[in-house]
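K.L.:
First the structure, then my questions, so here it is.
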Amino acid sequence: MPPSLFLEQILNGVQFGLMLFLLAAGLTLVFGIMDMINLAHGSLYMIGAYLTATFVGLTGVFWLGVLLAVVGTALIGMLLEFSILRQLYKRDHLSQVLATFALILIINEVVRIIWGSQPLLLSAPEGLSGPIEILPGLNYSAFRLTIIAVGLVVAVGLFLLVNNTRVGMWLRAGASNREMAQAMGVPIKPLFTLLFGVGAALCAIAGAFLGPILAVQVGMGESILILAFVVIVIGGIGSIKGALVGALLVGIVDTAGRAFLPLLLSQVASPEVASNLGPALASILIYLLMAVVLFFKPQGLFPART
Amino acid sequence: MRYGPILLLLGLLLAFPPIASATGLEFYTGLLTKLMIFALAAGSLNLILGYGGMVSFGHAAYFGVGAYTAAILAREGVSSAWVIWPVALALSGLLAFLIGAVCLRTRGVYFIMITLAFAQMIYFLVVSFKQYGGEDGLRARRPDFGLFELSDTTLYYLTLAVLAAVLYGLYRLVNSRFGRVLQAIRENESRTAAIGYPVYRFQLVAFVIAGVLAGLAGVLMAHYTEYASPNLLAWQQSGHLMMMVILGGVGQFWGGVLGAATLLLVEEILQDLTLYWQLGVGLILLLVVLFAPRGLAGLLRRRAG
């Protein structure tokens with residue numbers, strides 16, 4: 004196997020992992036601080052992608068479209084929190100699962116009513132559509148490199164927000180002990196609404212940048228939602244650091260598994276078996292990873308509550 | 323339990339197929355068969371979710387494995403139901419034993435996620451077998467029972483008999499010593515352990531029973547559609563079963579049955595009315611969560627008492 008192919012797959016894994024991190028970060032904070040299972044998080048990702056496709060089509064400028072979509076999705080997220088999700092904080096996990104599952108159904112249908120059931124076309128901005136040579140002999144998609152850069156910038160920004168600002172301090176206090184934080188004067192209600200807005204904005208960024216690579220269609224949120232849950236469970240619920248490590252792990256293991264497992268299998272088994280079993284094993288790999296992590300560390304890699 | 327309404331319902335269900343075929347409504351016999359199959363699956367989930375407090379997000383695995391075992395055996399030339407049924411039940415039970423043995427070491431959200439993870443593994447594994455249909459699913463002839471021909475009508479009665487027997491068994495089970503201990507574990511695990519009950523073993527047994535019953539529902543599903551679909555194994559199916567239990571009432575004896583019947587009927591009616599039926603289902607589910615926290619069974623019970 005040529006080393007350039009290997010490097011390319013690792014970069015793909017990092018790129019996917021960083022986008023997963025954007026989704027998982029919001030999810031893990033909502034989960035860790037509000038103790039709320041929000042299945043509709045994936046729907047915000049879908050809304051982000053649809054809004055991006057629409058605004059890019061309207062304005063003709065990719066970055067402006069992304070900006071408008073991020074703002075729009077954040078507003079929708081805060082509206083959802085304010086109108087419905089706020090009623091669910093005091094309820095048990097099962098009610099939250101049912102209610103947010105209902106929201107998935109509702110949002111999917113509303114999206115289908117507004118945009119139709121055909122997938123939307125969202126293409127990478129023109130200047131970034133070609134490959135560039137990052138190492139001698141290794142060409143890599145400029146758009147994917149941009150995604151990595153955006154992911155890194157947002158990740159750093161989020162870490163600064165959580166670790167170095169007053170709001171971040173409130174968030175961390177809420178994650179480690181909600182009642183105590185409230186008793187010490189943290190304004191929980193506006194904080195939760197704000198947090199939802201930030202989570203929705205992160206979803207929109209992921210949707211905007213994964214849209215051109217995957218597909219902008221109804222149901223795109225659910226498959227990635229499961230992956231985001233796997234990430235936060237591996238990382239430890241409520242921990243941003245855990246979400247980052249988990250997301251990179253899942254991204255790289257998943258991408259590399261899909262690329263290399265069939266190759267590896269064909270060395271030891273017949274081509275027919277390898278082509279059948281390879282993709283299946285690759286899909287299973289991340290769930291296996293999660294099961295193994297939970298077996299040895301039942302609270303995830305970086306538990307937020309000690 | 324009051325037997326009057328139950329006997330009445332049983333009588334109505336028994337009399338339904340001849341009335342339906344006399345009035346040209348055979349379609350509804352099939353629909354009722356489907357309702358009863360899902361009532362069985364949801365009832366099995368209610369045993370561990372409602373009475374055991376184990377929120378399994380991977381219950382579709384046993385449902386689907388039951389269906390696929392029936393379909394694969396039929397494809398391999400096994401035609402006798404007396405072979406297919408025991409093998410399918412044993413396999414789903416074994417699977418539940420293995421998965422439960424690992425998952426029951428975790429708690430809370432982690433339990434939800436790890437059961438989901440295992441179900442996903444089963445899903446991808448089954449889909450990878452191209453000779454058994456892969457993502458297209460597998461057609462399966464109905465098996466031979468020897469005693470009777472398995473037509474739509476006899477399948478209806480078979481399903482009814484299985485459901486009635488299982489519900490009776492579950493009723494006895496949740497009110498037995500075993501059931502009491504299971505509920506005690508749900509209410510306070512450390513206390514139950516301190517009294518001296520082997521918590522892990524009790525939970526595992528319940529988990530396996532639920533797995534076998536879900537497998538049974540899967541077998542019936544394969545007979546009903548004459549087809550094993552990968553959708554039966556997908557995580558959305560686990561979610562669907564969970565919706566039924568929560569909608570009906572978690573840990574209410576009739577919760578699973580009531581939830582399955584209501585959700586499927588609502589879906590069926592809305593699909594007839596509009597292309598955007600999921601919007602209606604979503605709105606109804608949302609209203610139930612916000613205004614009927616203990617599910618439909620809880621709502622009925624409050625009205626009654």
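Chains A and B, in that order, are what the protein sequence lines are. If you're matching positions, the first sequence starts at 4 in the numbering used here and goes up one per residue. If you're matching positions, the second sequence starts at 323 in the numbering used here and goes up one per residue. For every residue, glycine included, the Cβ atom is placed at its ideal position computed from N, Cα and C.
Should A/G249 be flagged as near chain B, meaning a C-beta pair shorter than 9 Å?
P.N.:
Chain B, which has no Cβ nearer than 9 Å to the Cβ of A/G249, makes this no.
K.L.:
What did DSSP end up calling A/N142 once you bin it into helix, strand or coil?
P.N.:
Reduced to three states, the DSSP call for A/N142 is strand.
K.L.:
Should A/A52 and A/L213 be called a contact, given that it needs their Cβ atoms to be closer than 9 Å?
P.N.:
Taking 9 Å as the Cβ cut-off, A/A52 and A/L213 qualify as a contacting pair.
K.L.:
Determine whether the beta carbon atoms of B/L535 and B/M543 lie at a separation below 9 Å.
P.N.:
No; because the gap between Cβ atoms is not below 9 Å, this pair is not in contact.
K.L.:
Quick check on DSSP: helix, strand or coil for B/E509?
P.N.:
Helix at B/E509.
K.L.:
Check each candidate in B/V611, B/A486, B/Y454 and B/Y373 and name the one with the smallest Cα separation from B/S498.
P.N.:
Minimum Cα distance to B/S498 is reached at B/Y373.
K.L.:
In the DSSP assignment, find the unbroken alpha helix (DSSP H) run with A/G29 in it and report its ends.
P.N.:
Its alpha helix (DSSP H) spans residues P6 to M37.
K.L.:
What residues from chain B crowd round A/L291, counting only those whose CB sits closer than 9 Å?
P.N.:
The answer, in chain order, is A439 and M443.
K.L.:
By the three-class DSSP mapping on this structure, what secondary structure does B/R616 have?
P.N.:
B/R616: coil per DSSP, three-state reduction.
K.L.:
Hey, would you say B/G537 sits closer than 9 Å to B/I444, going by beta carbons?
P.N.:
Result no, Cβ atoms of B/G537 and B/I444 do not sit closer than 9 Å.
K.L.:
Is A/L26 near A/I216, with beta carbons less than 9 Å apart?
P.N.:
In this structure, A/I216 does not lie closer than 9 Å to A/L26 by Cβ.
K.L.:
So with CB distances below 8 Å, who are the chain A contacts of B/P615?
P.N.:
The answer, in chain order, is R94 and S98.
K.L.:
Please state whether DSSP places B/R429 in a helix, a strand or coil.
P.N.:
Three-state DSSP puts B/R429 in coil, outside helix and strand.
K.L.:
Can a CB atom of chain B be found closer than 9 Å to the CB of A/R115?
P.N.:
With 9 Å as the cut-off, A/R115 counts as an interface residue toward chain B.
K.L.:
Kindly provide the ranges of any alpha helix (DSSP H) runs that are 4 or more residues long and lie completely inside the stretch 101-151 of chain A, ordered along the chain.
P.N.:
Whole alpha helix (DSSP H) segments, 4+ residues: zero.
K.L.:
Would you decide whether B/R429 is buried or exposed? Buried here means 16 or more other CB atoms lie within 10 Å of its CB.
P.N.:
Exposed is the call here.
K.L.:
By the three-class DSSP mapping on this structure, what secondary structure does B/G461 have?
P.N.:
Just to set this straight, residue 461 of chain B is Arg in the shown sequence, not Gly. Note: B/R461 maps to strand in three-state DSSP.
K.L.:
Compute the beta-carbon to beta-carbon distance between A/G177 and A/I50, rounded to the nearest angstrom, for a pair I have assumed lies under 8 Å.
P.N.:
The Cβ separation is near 26 Å, so there is no contact.
K.L.:
Can at least three beta-carbon pairs, one atom from the stretch 195-210 of chain A and one from the stretch 77-94 of chain A, be found at a separation below 8 Å?
P.N.:
Enough Cβ pairs lie closer than 8 Å, so yes.
K.L.:
How about A/A246 and A/F24: do their beta carbons lie closer than 9 Å?
P.N.:
Result yes, Cβ atoms of A/A246 and A/F24 sit closer than 9 Å.
K.L.:
Which runs of the alpha helix (DSSP H) at least 4 residues long sit entirely within the stretch 544-586 of chain B? Give them in chain order.
P.N.:
Correct list: 557-570.
K.L.:
Does DSSP put B/V400 in a helix, a strand or coil?
P.N.:
DSSP places B/V400 in coil when its eight states are reduced to three.
K.L.:
Determine the chain A residues that contact B/W576 at a beta-carbon separation under 9 Å, and present them in chain order.
P.N.:
Chain A residues near B/W576: none, gap ~17 Å exceeds 9 Å.
K.L.:
Determine, using beta-carbon pairs with one atom in the stretch 573-580 of chain B and one in the stretch 57-73 of chain A, whether at least three such pairs fall under 8 Å.
P.N.:
They do not touch, by the three-pair rule.
K.L.:
Hey, could you find the ends of the alpha helix (DSSP H) A/Q270 is sitting in?
P.N.:
Per DSSP, A/Q270 belongs to the alpha helix (DSSP H) from I243 to V271.
K.L.:
Please list the partners that B/M435 has in chain A, where partner means a Cβ-to-Cβ separation under 8 Å.
P.N.:
By Cβ distance, chain A contributes F232, V233, V236, M293 and L297.
K.L.:
With H, G and I counted as helix, E and B as strand and the rest as coil, what does DSSP make of A/V219?
P.N.:
Note: A/V219 maps to strand in three-state DSSP.
K.L.:
Excluding the 5 residues flanking B/A403 on each side, which residues of the same chain have their C-beta closer than 7 Å to its C-beta?
P.N.:
Counting only Cβ-Cβ distances below 7 Å, and skipping sequence neighbours, we find P465, D466 and F467.
K.L.:
For B/Q525, decide whether its Cβ has a neighbour in chain A, counting only Cβ atoms nearer than 9 Å.
P.N.:
Chain A contact via Cβ: absent.
K.L.:
Count the other CB atoms, across all protein chains shown, that sit within 10 Å of the CB of A/W66; report buried if there are 16 or more and exposed otherwise.
P.N.:
The residue is exposed, with fewer than 16 neighbouring Cβ atoms inside 10 Å.
K.L.:
Closest by CA to A/G239, which one among A/A184, A/A272, A/L123 and A/G303?
P.N.:
Of A/A184, A/A272, A/L123 and A/G303, the residue nearest in Cα terms is A/G303.
K.L.:
Figure out for me which residue from B/G333, B/R623, B/L369 and B/L618 has the closest Cα to the Cα of B/Y493.
P.N.:
Of the candidates B/G333, B/R623, B/L369 and B/L618, the one whose C-alpha sits nearest the C-alpha of B/Y493 is B/L369.
K.L.:
Any beta-carbon of chain A closer than 9 Å to the one on B/S366?
P.N.:
Closer than 9 Å: no.
K.L.:
For B/T476, which residues of its own chain have a beta-carbon under 6 Å away from its beta-carbon, when the five flanking residues on both sides are left out?
P.N.:
Excluding positions up to five away in sequence, the list reads F470.
K.L.:
With a threshold of 6 Å on Cβ separation, who are the neighbours of A/S46 within its own chain once the five nearest residues in sequence on each side are excluded?
P.N.:
Contacts found: I107, I110 and G224.
K.L.:
Considering only residues of the same chain and omitting the five flanking positions on each side of B/G375, which have a CB-CB separation below 6 Å?
P.N.:
Counting only Cβ-Cβ distances below 6 Å, and skipping sequence neighbours, we find R508.
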